[in-house]
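Order-wise, the sequence lines are chains V and H. If you're matching positions, the first sequence starts at 98 in my numbering and goes up one per residue. If you're matching positions, the second sequence starts at 983 in my numbering and goes up one per residue. Positions of the beta carbon are idealized from the N, C-alpha and C atoms, including for glycine.
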Amino acid sequence: MNWRLWLPLTAFVAFLAIAAYSMSQPKDDFVRSEMVGEPLPYFSLPPAAEGQPGVSSTDFADGKPRLLNIWASWCLPCIAEAPQLAELERQGAEIVGVAIRDKPEDIAAFLAEHGNPYTSIGRDDLSEVQLGIGSSGVPETFVIDGKGVITYQHIGDIRESDVPLLLEQLREAGA
Amino acid sequence: MRRAVLLAVLMGAPLAAQDAMPPAPYAYRQLDDAAQEAEAQDLMETLRCLKCQSQSIADSDAPMAGDMRHQVRIRIAAGEDPAEVRGWLMDRYGDYVSYSPAMNVRTWPLFAVPGVLILIAAAVLFRRFRRAR
Chain V
98 MNWRLWLPLT AFVAFLAIAA YSMSQPKDDF VRSEMVGEPL PYFSLPPAAE GQPGVSSTDF
158 ADGKPRLLNI WASWCLPCIA EAPQLAELER QGAEIVGVAI RDKPEDIAAF LAEHGNPYTS
218 IGRDDLSEVQ LGIGSSGVPE TFVIDGKGVI TYQHIGDIRE SDVPLLLEQL REAGA
Chain H
983 MRRAVLLAVL MGAPLAAQDA MPPAPYAYRQ LDDAAQEAEA QDLMETLRCL KCQSQSIADS
1043 DAPMAGDMRH QVRIRIAAGE DPAEVRGWLM DRYGDYVSYS PAMNVRTWPL FAVPGVLILI
1103 AAAVLFRRFR RAR
């Protein structure tokens, strides 16, 4: 029998196998930033909370690695990650906040209720910093090394199991 | 009463996920220069909304899409080329953000497969017709 008769069936089975494999994989909707490995673009944001400074890209290149947390008071997962941010702060992480499209009174109320782990918070009313660093949602957390280079991106709220990972990324960024 | 409260909570939930800020200045405002606005509009129709997946930023009312339209319009108004603006976004979000895929290491099969299929079809047809004669 002509072996070529089997070609269409083989191609179809191969297609089915690829489709079945793809469907068995977990869905991944994350849009990862291409800015990991790149220096922070220039920005300067006004203060978002009373008594705390705003955030400027020039704050970062001073030798100390930091977490840059993109959040908002209107974002529900941000409430879920608040205890983990507090834990990161307790373990010595310096956390800089960028509040996306947020009102000062809402920010103040959120910080009063869920705690304030930030050393400084900037107001990003036009999502300029968010777009500038390739973040596509809230919350997201970036590790910035002491030279002001983005070394890691965490997408979504920080769970308890993510805390050691972020501390490890901070340690690596400090080396 | 309880049902009314439940209904109010359910209807209120999607709103709670949105911010209360006004849209960015150029999210819904066209540029004064009609030629520049046309350039910006063409570009926005081929940029993908990051929040809403299957819409362009021109079609989406998501606040982030509004902020992206603002960026596109002010950059075009400042004299940037649409290709530069697309490049600026692709430097941040990769191929995902563009509905006009560029050929590169990851996307070349998209462009190669149709050519290969046409070649295979041509070879099959050529052999059949030759045999039929």
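Would you mind telling me which residues of chain V sit closer than 8 angstroms to residue i, beta carbon to beta carbon, in chain order?
i       : result
P1045/H : R198 and S224
Give me the DSSP bridge partner(s) of residue i.
i       : result
G194/V  : N166/V and I218/V
Y249/V  : V240/V
S1082/H : Bridge partners of S1082/H: none, in fact.
For residue i, which residues in chain V fall below 9 angstroms Cβ to Cβ?
i       : result
M1050/H : S224 and L228
Q1023/H : Per Cβ cutoff of 9 angstroms: no residues; Q1023/H is ~19 angstroms from chain V at best.
Taking Cβ-Cβ distances shorter than 7 angstroms, what residues in chain V pair up with residue i?
i       : result
D1073/H : E131
Q1012/H : The contacting residues do not exist; Q1012/H stays about 18 angstroms from chain V at best.
Y1081/H : Result: empty, since nearest Cβ-Cβ is about 14 angstroms, beyond 7 angstroms.
A1006/H : L223
Q1155/H : Within the shown structure, residues of chain H are numbered from 983 to 1115, placing residue 1155/H beyond reach of any answer.
Can residue i be considered in contact with the ligand HEM, in the sense that its beta carbon sits closer than 6 angstroms to one or more heavy atoms?
i      : result
A169/V : This structure simply doesn't include the ligand HEM, nor any ligand for that matter.
Which bits of chain H does residue i rub up against, with CB to CB less than 7 angstroms?
i      : result
G231/V : R1074 and Y1075
V246/V : Chain H residues near V246/V: none, gap ~15 angstroms exceeds 7 angstroms.
V128/V : L1032, Y1075 and Y1078
Please list the partners that residue i has in chain H, where partner means a Cβ-to-Cβ separation under 9 angstroms.
i      : result
G234/V : L1032, K1033 and M1046
request  = Any chance you could list the beta strand (DSSP E) runs of at least 3 consecutive residues sitting entirely within the stretch 125-172 of chain V, in chain order?
outcome  = If you keep only unbroken beta strand (DSSP E) runs of at least 3 residues inside the stretch 125-172 of chain V, you get 163-168.
key: Unbroken stretches of the alpha helix (DSSP H), 4 residues or longer, contained in the stretch 1027-1072 of chain H   = Entirely contained in the stretch 1027-1072 of chain H, the alpha helix (DSSP H) runs reaching 4 residues are, in chain order, 1045-1059.
ask   = Using a beta-carbon distance cut-off of less than 9 angstroms, what residues from the stretch 1100-1111 of chain H approach chain V?
value = Within the stretch 1100-1111 of chain H, no residue qualifies.
query = Using 8 angstroms as the Cβ pair cut-off and three pairs as the minimum, do the stretch 238-245 of chain V and the stretch 161-171 of chain V touch?
reply = Counting Cβ pairs under 8 angstroms, three or more are found: they touch.
ask   = Looking at C-beta atoms only, is the number of pairs between the stretch 245-262 of chain V and the stretch 218-226 of chain V that lie closer than 8 angstroms three or more?
value = The count of Cβ pairs closer than 8 angstroms, one atom from the stretch 245-262 of chain V and one from the stretch 218-226 of chain V, stays below three, leaving the stretches out of contact.
query = Given 8 angstroms as the limit, is there contact between the stretch 195-210 of chain V and the stretch 122-132 of chain V, that is, 3 or more CB pairs closer than that?
reply = Not touching, per the Cβ criterion.
message = Assess contact between the stretch 1072-1079 of chain H and the stretch 1021-1039 of chain H, defined as three or more Cβ pairs (one per stretch) separated by less than 8 angstroms. Is contact present?
response = Yes: at least three Cβ pairs fall under 8 angstroms.
message = Under 8 angstroms: do the stretch 257-269 of chain V and the stretch 135-155 of chain V share three or more Cβ pairs, one atom per stretch?
response = Judged by Cβ distances under 8 angstroms, the stretch 257-269 of chain V makes no contact with the stretch 135-155 of chain V, as fewer than three pairs qualify.
task = Decide yes or no for the touch test of the stretch 105-120 of chain V against the stretch 1036-1051 of chain H: beta carbon pairs closer than 8 angstroms, at least 3 of them.
result = With a cut-off of 8 angstroms, the stretch 1036-1051 of chain H and the stretch 105-120 of chain V do not count as touching, because too few Cβ pairs lie within range.
ask   = Given 8 angstroms as the limit, is there contact between the stretch 150-160 of chain V and the stretch 202-219 of chain V, that is, 3 or more CB pairs closer than that?
value = Yes: at least three Cβ pairs fall under 8 angstroms.
task = Answer yes if the stretch 1005-1019 of chain H comes into contact with the stretch 168-186 of chain V, meaning at least three C-beta pairs across the two stretches below 8 angstroms, and no otherwise.
result = With the cut-off at 8 angstroms, the stretch 168-186 of chain V and the stretch 1005-1019 of chain H do not touch.
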